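S.K.: Structure incoming, see below.
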Amino acid sequence: MSEARANHPGLIVPVGHVEPVPRRIRGTVDGRTVLDTRNALYVWEWPGYPQYSIPVRDVAEGALTDEGRRGKLSPGPARRHALHVGSQVREGAAWVWDEGAPERLLGTARFRWDAIDAWYEEDEQVFVHPRSPYTRVDALRSSSSVRVEVDGVVLADAPHAVLLFETGLPTRYYVERPYVDWTRLRPTATVTACPYKGTTTGYWSFTSEAATHTDLAWAYDFPTPQVAAIAGMVAFYNEHVDLSVDGSLLPRPAPVSREAWQRGRQQH
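Mapped onto the numbering used here, the consecutive letters of the sequence shown carry residue numbers 110 to 377.
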């Protein structure tokens, strides 16, 4: 099947864009608070989502040490720093913006996400990456019927659905489990997380006479409150199935590689 142009809003934030974060941002390592600020900045190093840039004055005293390496990130030059917490040393944990970077970033540090054990906005933990203030996620109930086929085999046929609209991604169609043919699907151990929807509780693959389609469907049994309507429902990758809505076959969206989405966030 030929692929169509995107029929959903694209990402609009330019690389290098900087905005204030209106939320208190904290980070912990081994249960110790290593950064705590109400003056963080969002900085976009790629269009999909921002990173936090933390004022160095709001990082634990002596926690950052210059490794003597200068590099250039998308917004500008920076110096690489290690993070010291107790007896631990986490190399390359942060980049402190250097001369030549946007003036608003000077005196702040962009941490590698996984260099911090837990990130918090106010008192709620944030997973995967910061939530973009320009991304909207809506889960809307719909009376539209949804039918999913792969290699001529019907995997789901539902009289209604919940449609999930997320900025920069194709619409996802979540159907209730009784309308899925579970005799055709095989569970896998895959788990993924999304800062807007939560952590998945199931993935399923399908093997037809023609091919094996790995991790074709997923579910969030305990999603974030903002998208509670999808709880326990199942969605399929539009990019890899034949999906019909109200009897009309939809064009498949162009697939996005994991590498490309790292520069513009691959999530479902």
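Glycine included, C-beta positions come from ideal geometry on N, C-alpha and C.
Nothing here was measured: the structure is a model prediction, and the numbers come from that model.
Quick check: the stretch 233-250 against the stretch 299-315, are at least 3 beta-carbon pairs closer than 8 Å?
M.R.: Verdict: yes, contact present.
S.K.: How long is the line joining the alpha carbons of Leu182 and Glu154, rounded to whole angstroms?
M.R.: Counting from 1 along the sequence shown, the entry for residue 182 is found at position 73. Counting from 1 along the sequence shown, the entry for residue 154 is found at position 45. Each residue's alpha carbon lies about 7 Å from the other.
S.K.: Can you say whether Asp351 is buried or exposed, counting buried as having 16 or more other CB atoms within 10 angstroms of its CB?
M.R.: The count along the sequence shown starts at 1 and reaches residue 351 at position 242. By the neighbour-count rule (16 or more Cβ atoms within 10 Å), Asp351 is buried.
S.K.: Can you name, in chain order, every residue of its own chain whose Cβ lies under 7 Å from the Cβ of Val262, other than the five neighbours on each side?
M.R.: Numbered from its first residue, the sequence shown carries residue 262 at position 153. The residues are Arg293, Ser317.
S.K.: How is Glu170 classed by DSSP in three states: helix, strand or coil?
M.R.: Indexing the sequence shown from 1 puts residue 170 at position 61. Three-state DSSP puts Glu170 in coil, outside helix and strand.
S.K.: Could you give the first and the last residue of the continuous beta strand (DSSP E) run that contains His190?
M.R.: Position 81 of the sequence shown, counting from 1, holds the residue named residue 190. Residues 185-194.
S.K.: For Pro164, which option in Pro129, Thr309, Gly341, Ala218 has the closest C-alpha, if you only look at C-alpha atoms?
M.R.: What you label residue 164 is simply residue 55 of the sequence shown in a count that begins at 1. Answer by Cα proximity: Ala218.
S.K.: Relative to the alpha-carbon of Thr308, which residue among Ala340, Leu272, Gly216 has its alpha-carbon at the smallest distance?
M.R.: Numbered from 1 along the sequence shown, position 199 holds the residue referred to as residue 308. Thr308 has its Cα closest to that of Ala340, out of Ala340, Leu272, Gly216.
S.K.: Ignoring anything shorter than 3 residues, give me the beta strand (DSSP E) runs that lie fully in the stretch 342-367, in order along the chain.
M.R.: Entirely contained in the stretch 342-367, the beta strand (DSSP E) runs reaching 3 residues are, in chain order, 343-345, 351-354.
S.K.: Would Leu192 pass as a contact of Ala203 if the rule is Cβ separation under 8 Å?
M.R.: Position 83 of the sequence shown, counting from 1, holds the residue named residue 192. Position 94 of the sequence shown, counting from 1, holds the residue named residue 203. Cβ distance < 8 Å, so Leu192 and Ala203 count as in contact.
S.K.: Quick one: what does DSSP say Pro129 is sitting in, helix, strand or coil?
M.R.: Here residue 129 refers to the residue found at position 20 of the sequence shown. DSSP places Pro129 in strand when its eight states are reduced to three.
S.K.: Could you pull the DSSP bridge partners for His322 from this structure?
M.R.: Along the sequence shown, one-based indexing puts residue 322 at 213. Answer is Phe315.
S.K.: Assuming the contact rule is C-beta atoms closer than 8 Å, Asp139 and Val194 should be a hit. Round their C-beta distance to whole Å, please.
M.R.: In the sequence shown, the residue the question calls residue 139 occupies position 30. In the sequence shown, the residue the question calls residue 194 occupies position 85. Confirmed, Cβ separation roughly 6 Å.
S.K.: Could you give the C-beta distance for Val205 and Ala187, rounded to a whole number, given that I count them as a contact under 8 Å?
M.R.: As a first step, residue 205 must be located in the sequence shown, where it is residue number 96. As a first step, residue 187 must be located in the sequence shown, where it is residue number 78. Yes, they are in contact, since the Cβ atoms of Val205 and Ala187 sit about 6 Å apart, within 8 Å.
S.K.: Hey, would you say Leu150 sits closer than 8 Å to Val122, going by beta carbons?
M.R.: As a working mapping, residue 150 is identified with position 41 in the sequence shown. As a working mapping, residue 122 is identified with position 13 in the sequence shown. No.
S.K.: Would the stretch 248-259 count as touching the stretch 347-361 if we require 3 or more Cβ pairs under 8 Å?
M.R.: Result yes; three or more Cβ-Cβ pairs closer than 8 Å.
S.K.: According to DSSP, is Tyr288 helix, strand or coil?
M.R.: Residue numbering aside, residue 288 sits at position 179 when the sequence shown is read from its first letter. In this structure, Tyr288 counts as helix in the three-state DSSP scheme.
S.K.: Rounded to the nearest angstrom, what separates Ile225 and Thr310 at their Cα positions?
M.R.: For the purposes of this step, residue 225 is taken as the residue at position 116 of the sequence shown. For the purposes of this step, residue 310 is taken as the residue at position 201 of the sequence shown. Computed Cα separation, rounded: 24 Å.
S.K.: Please report how far the alpha carbon of Pro296 lies from the alpha carbon of Tyr312, in whole angstroms.
M.R.: As a first step, residue 296 is located in the sequence shown; it is residue number 187 there, counting from the start. As a first step, residue 312 is located in the sequence shown; it is residue number 203 there, counting from the start. Spanning the two alpha carbons is a distance of roughly 6 Å.
S.K.: Among Asn116, Pro279, Pro156, Phe220, whose alpha-carbon lies nearest the alpha-carbon of Thr137?
M.R.: The count along the sequence shown starts at 1 and reaches residue 137 at position 28. Of the candidates Asn116, Pro279, Pro156, Phe220, the one whose C-alpha sits nearest the C-alpha of Thr137 is Phe220.
S.K.: Relative to the C-alpha of Pro332, which candidate in Glu348, Asp145, Leu273 has its C-alpha closest?
M.R.: Position 223 of the sequence shown, counted from the first residue, corresponds to residue 332. Of the candidates Glu348, Asp145, Leu273, the one whose C-alpha sits nearest the C-alpha of Pro332 is Leu273.
S.K.: Taking the continuous beta strand (DSSP E) assigned at Glu54, which residues delimit it?
M.R.: Beyond the ends of the chain as shown, which are 110 and 377, falls residue 54; an answer cannot be given.
S.K.: Can you check whether the CB of Pro239 is closer than 8 Å to the CB of Tyr161?
M.R.: By one-based count along the sequence shown, residue 161 stands at place 52. By one-based count along the sequence shown, residue 239 stands at place 130. Yes, these two residues count as a Cβ contact at 8 Å.
S.K.: Taking a contact to mean a Cβ-Cβ separation below 8 Å, would you say Ala320 touches Asp266 in this structure?
M.R.: As a position in the sequence shown, residue 320 is number 211, starting the count at 1. As a position in the sequence shown, residue 266 is number 157, starting the count at 1. For Ala320 and Asp266, no; Cβs fall outside 8 Å.
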